[in-house]
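Residue numbers (the numbering used here): 936 to 1260.
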C-alpha cells in the first residue's frame, strides 16, 4: 500500500480506495494497516506527501507549485501542514537547504556555536537527551557558555574522524518509508530492550546500481562491546536451531563498518527529511567542499530513542564518507 501511495502522493487517496486495492473491507484494512505501520492510512499519506514536498523544495521548486502537487488547496494550508511536520515553514526549510549547499565544512569549535540552537530544540521534549551515545569521534558535547539566544539554527557540516563500528544488521527490502519496520524487526529479534549495549541504531546506505533507487539499505544496531556482540550472535544461533512455525529467523549478520574521514551534519526534524538532506549534501555541499566521496557507505546515526516516532524533534547525524581530493 505504501508503494501505491508513493506512485502518486498528491492523489486523493482514501481509506476506501486503498482498501479496494488490497481487496479488503475498509474496517479490516485499517486495523491491519495500523498494526503493521504503527499509524493510520491518513497519517501515512500526509507523511509521504510532505516528504515528497521536502524533496522538491530542496530542488528549489516554488512553494505554490509544491503545495498544489502535494494535494493542498492553498499554499497557506500546505505551509501549516509542513510546519507542523518539520518544525519550520516551507520557505525556512528551503533557506536551510540552500545554506547547507552553499557553506563549506566548519571546524568542530565553530560548529558548536551554530548547533547550540538545534541542540536546544532537540532537548525540548526529548527526555533521554541524545539517547545511547557512540564513542565515535562525533562531538556530542555542547559548550553552553558559547550559547547565544540570537544564534540562528542554520545547518552546518563538520569533518571528523570516525572509529570503526561493529554492528548487527538486517537488509531492508521495500520503499524507504517502511525502514522503521525493518528496524523494529531487528530490535525485536535481538531483544534490544533487554540490553542497554544494543540500543544505538545506525542506517547503512551503500551504492548498488542493481537496486531500485541505486542504493542498498541495512538497518543496524551498534554492539556496545565485544561481549554484547558475542551474546547477541549466540542468541541468534540458538533461535536458528529452534523449530519455528513462521519460517526461518531474519537474516541478521555482523558487520564491521570502516572508520575514517566523514562529513557530519546533524538533522533535527522528522526522519522523512533525511533523504532530501542527503540530496543537498551529496549534490550541493560535496562538490564545493574540496573533498571527494569515498567508497564506504553513508551512515545515519539515530540519536533519539526509537519510540520518538517520525515527528520532530528527532535527532539524526548524517555522515558522508569522504577523502582528500
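We put the CB at the ideal spot given by N, CA and C, even for glycine. Small disclaimer: the values here were computed from a predicted structure and weren't measured.
Cβ neighbours of residue 969 within its own chain (closer than 7 Å, five residues either side excluded): 975. Here residue 1099 has 1191, 1192, 1193 and 1194 as same chain residues with Cβ atoms under 8 Å from its own Cβ, once five neighbours each way along the sequence are excluded. Between the alpha carbons of residue 1025 and residue 1259 lies a gap of roughly 35 Å. Secondary structure at residue 1114: helix, using DSSP grouped into helix, strand and coil.
Proximity to residue 1116 across 973, 1223 and 964 peaks at 973, based on C-alpha coordinates. Residue 1232 is positioned such that its CB atom lies no closer than 8 Å to that of residue 1203. In the structure shown, residue 1005 falls within a coil segment according to DSSP collapsed to helix, strand and coil.
Between the alpha carbons of residue 1238 and residue 1160 lies a distance of about 18 Å. For residue 1221, the enclosing alpha helix (DSSP H) starts and ends at 1221-1224. DSSP places residue 1034 inside the alpha helix (DSSP H), whose first and last residues are 1025-1037. Rounded to the nearest whole angstrom, the C-alpha separation of residue 1101 and residue 1162 is 11 Å. Non-local C-beta neighbours of residue 1225 in its own chain, meaning closer than 6 Å and more than five positions away in sequence, comprise 1260, ordered along the chain. DSSP lists 1150 as the beta-bridge partner residues of residue 1142.
Of the candidates 1141, 1118 and 1142, the residue whose Cα lies closest to the Cα of residue 1157 is 1118. Taking C-beta separations shorter than 8 Å and ignoring five residues to either side along the sequence, the partners of residue 1143 in its chain run 1149, 1150 and 1151, following chain order. One thing to note: residue 985 has its Cβ no nearer than 8 Å to the Cβ of residue 1215. For residue 979, the number of other beta carbons within 10 angstroms of its own is at least 16, and it is reported as buried. Per DSSP, the continuous beta strand (DSSP E) segment holding residue 1255 begins and ends at 1250-1259. At a Cβ-Cβ threshold of 8 Å, residue 1166 and residue 1234 do not count as neighbours. For residue 1101, the secondary structure class from DSSP, reduced to helix, strand or coil, is strand.
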